[in-house]
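Protein chains in written order, with my numbering: chain A, 1 to 334; chain B, 1 to 371. Glycine residues also receive a C-beta, built at the ideal position from the N, C-alpha and C atoms. Beneath this line is the structure, given in structure tokens, with notes to follow.
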Amino acid sequence: MAEVVLSGLTKRFGATTAVSDISMTIPDGAFVVLLGPTGAGKTTTLRLIAGLETPDKGNISIGGQDVVSASPAQRNVAMVFQQYSLYPHLTVRENLAFPLKSPLINAPEDEIERRIGEVAKVLQIAHKLDNKATALSGGEMQRVSIGRALVRKPHIYLMDEPLSSLDAKLRADLRVELKRIQADLGATLLYVTHDQIEAMTMATHIGVLDKGKLVQFGSPREIYENPSSIYVATRLGQPRINTLPASLFSNAPAGAELIGLRPEHIRQGEGRDATVTRVEHLGDQTRLHLSLDGHPLVTLTDAHTPLATGDTVAVRPENPLYFDADGARIVQGA
Amino acid sequence: MAEIVIRNLRKEFGAFVAVQESSFTVADGEFFMLLGPSGCGKTTTLRMIAGLELPTSGQILLDGKDVAQMRASARDIAFVFQMFALYPHMNVRRNISYPLVSQGMGRRDVRRKVDEVAGILGIESILDRPVGGLSSGDRQRVALGRAIVREPKAFLMDEPLGALDAEFRERMAEELRALHDRMGATTVYVTHDQLEAMQMGDKIVVMNHGVVEQWGTPQEIYDRPATMFVANFIGSPPMNFLRFEATLEPGATSVRLSGVDIPIPRLETGVSGRELVLGVRPEHVSLGSDGAYRGEVIATEYLGTTQIVTLKTPNGTLRVRAPSGQPARVGETMSLDFNTATLSIFDAGSGQAMKVDRAAVRAAMKERSHG
């Protein structure tokens with residue numbers, strides 16, 4: 001496994017700048033998640049590292065080697081795509097063995113058998129090894145395509161939303177599995193997603209992308225607790241952070257236009273009166289929808305709350321986040 | 001609008017039984033979720049309601065009339081597919097008009113109806129645009145418009161949000177639910193996403209291997225799962241299962257796990273020498289230091305507002321949802337305090353929940369909310 005360094009990476013498609021001056025270090029053994037909505041430049045960044053796209057500007061080094069002019073095969077990366085791509089005429093076993101039989105790797109038979117066995121067990125497809133790839137369900141096919149990357153020992157695994165086409169339940173299982181596999185192998189992994197749960201639970205580092213730019217890079221805890229902008233603050237947290245005019249409450253620092261309130265920033269039972277508009281039971285959390293001076297506000301409450309629509313509850317901000325008119329964070333006392 | 005009653009519905013494909021003797025009722029105006037993993041029979045059930053598959057046996061009563069063996073076109077039901085199929089060469093207005101024009105409605109009436117539907121969906125400004133250049137959200141709205149404009153008795157939706165990205169899916173889910181609240185149309189909605197089901201549904205049917213495991217409100221299904229399958233399928237992380245063996249008298253109010261008595265809601269029936277499972281939701285455990293039932297912390301996962309703490313106990317692994325500010329270090333032994341009123345007991349062999357005294361549970365919950 002290896003460290004991957006991007007410096008000043010830029011990629012344009014016609015008039016659109018898909019990736020704009022991205023510099024980022026993916027440490028050896030890290031699980032880095034690129035998070036952002038559709039069109040933020042996540043997949044393009046991944047494809048630039050894989051060698052499937054050529055940058056207009058900037059450098060990529062893998063394990064200390066400059067690879068911008070290297071072919072995808074020379075870079076020794078393994079990529080998992082969002083849409084599985086298997087050889088339909090081959091069995092699951094043959095599909096998994098394929099990368100190991102390439103002239104570049106050419107692993108011995110017993111080694112191939114051993115690795116396939118390991119990977120099949122981890123991905124819970126051991127009982128399907130002799131099935132034709134086309135006889136699998138969508139979820140199984142996607143697991144095989146993840147498996148085809150895992151049988152190799154590349155410098156870095158590149159994964160482009162590999163779980164998005166799976167069942168919610170299977171996705172939850174594989175999140176835990178992928179994290180475990182990565183930690184066990186000490187693998188370097190760059191993972192693209194728009195799913196904040198995947199980012200929060202798997203990443204050692206999250207890179208938040210906005211319109212081709214890397215706007216913040218840090219641990220999930222840093223990104224959640226210390227976002228650099230309102231955009232970053234809205235990427236993580238369920239329910240989403242509430243943003244209200246800072247003038248609604250006293251004590252806003254100079255220049256603050258917006259106050260950002262996560263559920264844990266809202267103290268109930270004191271402060272300003274808000275009206276309950278809805279109590280939403282989601283099982284593991286119960287959301288309290290409030291209206292404060294006509295502004296909607298969502299926070300959490302006890303599942304067996306006596307509060308009902310039309311009731312009044314007082315709320316007060318506690319250690320909230322403040323942002324200026326451009327959405328940049330204002331750190332109090334700084 | 002309509003009530004849909006499903007009675008002993010069964011569907012075989014050759015030797016494979018896709019749906020087994022399923023029964024449930026969708027009340028008039030309800031937003032009803034069919035929930036389960038891939039291959040559980042939920043889509044087949046929906047397709048039978050639509051008339052796209054004919055049941056092997058059983059009844060489908062639409063407003064009291066058995067339509068089980070009727071053609072789809074005779075049922076007055078609108079189906080919204082996972083991939084929104086629009087006519088690419090027509091603009092938005094013509095796409096939405098199409099079902100009415102093909103029914104032979106007059107031009108002025110069509111225009112009035114389409115304007116009305118566009119108002120409901122908030123897409124008045126794009127009526128004259130070609131569908132080719134639309135965002136996926138607008139395409140979804142147009143597809144819905146085409147279903148709504150017919151004023152069918154019921155809407156059937158097969159994972160209409162499945163293809164969308166997470167952020168957008170949440171927004172569309174809210175929009176769909178708000179639309180339902182404005183129109184009050186009976187809707188049957190298939191999903192494999194338990195959170196989507198909890199968030200949008202008035203009622204949920206949970207299916208597994210072609211069998212209806214449970215049917216009720218989201219809160220009932222979450223708080224009182226009828227089977228271990230439901231307990232495990234709903235909730236993220238799912239309900240924890242602590243395994244033990246016991247003989248319990250009817251009326252028992254505690255169970256003994258590894259030498260520690262744990263209070264439970266009062267049992268209505270007894271069992272002798274059975275393998276049992278204590279079911280406890282991750283958010284219904286508090287971590288402390290003084291209690292008698294203990295576990296060792298083996299992992300913590302940070303989730304922002306909360307964290308998931310995984311502990312090893314003598315009866316199995318337990319995941320606890322705790323405030324992220326609560327200290328919990330890997331390797332540390334902590335005590336576990338269970339919220340009695342919320343506990344479930346299952347028979348490990350059958351997977352069925354044992355009956356407990358609900359009145360006592362409610363009283364306990366009331367006491368808790370006052371305390």
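State the start and end residues of the unbroken alpha helix (DSSP H) segment that holds F81 of chain A. No alpha helix (DSSP H) holds F81 of chain A; DSSP gives it neither H nor E.
- Item | Cross-chain neighbours of R221 of chain A in chain B, by beta carbon under 8 Å | Y302
Take G371 of chain B and list the residues in its own chain whose beta-carbon comes closer than 8 Å to its own, dropping the five residues that flank it on each side. With a pLDDT of 43 at G371 of chain B, under the threshold of 50, the predicted position of this residue should be treated as unreliable, though the coordinate-derived value follows. Result list for G371 of chain B: empty, nothing under 8 Å.
Would you list, in chain order, the members of the stretch 186-219 of chain B that have their beta-carbon closer than 9 Å to a beta-carbon of chain A?
With the criterion set as a beta carbon lying under 9 Å from some beta carbon of chain A, the members of the stretch 186-219 of chain B are T191, H192, D193, Q194, L195, E196, M198, Q199, T217, P218 and Q219, in sequence order.
What does the alpha-carbon distance come out to for the pair L123 of chain A and A308 of chain A?
45 Å
* **the stretch 272-289 of chain B touching the stretch 314-326 of chain B, judged by at least three CB pairs closer than 8 Å** => yes
- What number of angstroms, rounded off, separates the C-alpha of H192 of chain B from the C-alpha of D128 of chain B? Just so you know, the alpha carbons of H192 of chain B and D128 of chain B end up roughly 36 Å apart.
**Asked** Can the beta-carbon of A149 of chain A be found closer than 8 Å to that of M79 of chain A?
**Response** A contact, by the Cβ cut-off of 8 Å.
Which residues in chain A have a C-beta closer than 8 Å to the C-beta of R321 of chain B? List them in chain order. By Cβ distance, chain A contributes D284.
- prompt: On the three-state DSSP scale, how would you describe V17 of chain B?
  reply: strand
(request) Report all residues from its chain with a CB closer than 7 Å to the CB of Q214 of chain B; omit the five preceding and five following residues, and keep chain order. (result) V206, I221, P225, A226, T227 and V230
**Study point:** Neighbour-count burial assignment, A173 of chain B, 16 or more Cβ in a 10 Å radius
**Key:** In this structure A173 of chain B is buried. Its beta-carbon is surrounded by 16 or more other beta-carbon atoms within 10 angstroms.
Next on the checklist: Looking only at its chain, what residues have a beta carbon closer than 7 Å to the beta carbon of K113 of chain B, apart from the 5 residues adjacent to it on each side?
Outcome noted: L100 and V149
Report task. Assign L144 of chain B to one of three DSSP states: helix, strand, or coil. Result -> helix
Practice problem: Would you be able to state if there are at least three C-beta pairs under 8 Å between the stretch 252-265 of chain B and the stretch 299-310 of chain B? | Solution: no
*Residues bridged to K57 of chain A by DSSP?*
A:T10
On a Cα-Cα basis, can you pick out the residue from A:D293, A:V313, A:A233 and A:A30 that is closest to G269 of chain A?
Cα-wise, what sits closest to G269 of chain A is A:V313.
| query | Are the C-beta atoms of S137 of chain A and some chain B residue less than 8 Å apart? | reply | It does; some Cβ of chain B falls within 8 Å.
Short Cβ contact (8 Å threshold) for I96 of chain B with R146 of chain B: yes
Less than 7 Å between C-beta atoms, sequence neighbours within five positions excluded: which residues of the same chain meet that for R329 of chain B?
V297
Checklist entry - What in chain B is Cβ-close to Y224 of chain A, meaning under 7 Å? => result G304
Whose Cβ in chain B lies nearer than 8 Å to the Cβ of P317 of chain A?
Within 8 Å Cβ-Cβ: nothing; P317 of chain A doesn't reach chain B, min ~15 Å.
Discussion item. Please confirm whether M200 of chain A has its beta-carbon closer than 8 Å to some beta-carbon of chain B.
Written reply: yes
Just the Cα atoms here: how many angstroms apart are H127 of chain A and M141 of chain A?
13 Å
Inset, instruction - Within the same chain, show all residues whose beta-carbon is closer than 7 Å to that of A334 of chain A, passing over the 5 residues directly before and after it, in chain order. - result: Its pLDDT being 49, under 50, A334 of chain A is placed unreliably in this model, and the value from its coordinates should be taken loosely. Same-chain partners within the cutoff: there are none.
Straight-line Cα distance separating S229 of chain A from S20 of chain A
18 Å
- Endpoints, alpha helix (DSSP H) assigned at T186 of chain B: Here T186 of chain B belongs to no alpha helix (DSSP H); instead the beta strand (DSSP E) covers T186 to T191.
_Are the CB atoms of L34 of chain A and R235 of chain A within a distance shorter than 8 Å?_
no
Identify the contact partners of G393 of chain B in chain A, using a Cβ-Cβ distance below 9 Å as the criterion.
-> The question about residue 393 of chain B has no answer, for chain B in this structure spans 1 to 371.
How many Å lie between S145 of chain A and R93 of chain A at the Cα? 12 Å
Next on the checklist: Cutting at 7 Å between CB atoms, please list the residues of its own chain near Q182 of chain A, excluding the five before and the five after it.
Outcome noted: F31 and L189
Does any residue of chain A have a CB that is nearer than 8 Å to the CB of F338 of chain B? no
> Buried or exposed: where does L54 of chain B fall if 16 or more other Cβ atoms within 10 Å of its Cβ makes it buried?
Replying inline: Residue burial annotation: L54 of chain B is exposed, with fewer than 16 other C-beta atoms found within 10 angstroms of its C-beta.
- Message: Let me check one thing: in DSSP terms, what residues is Y322 of chain A bridge-paired to?
- Response: A:I259 and A:I330
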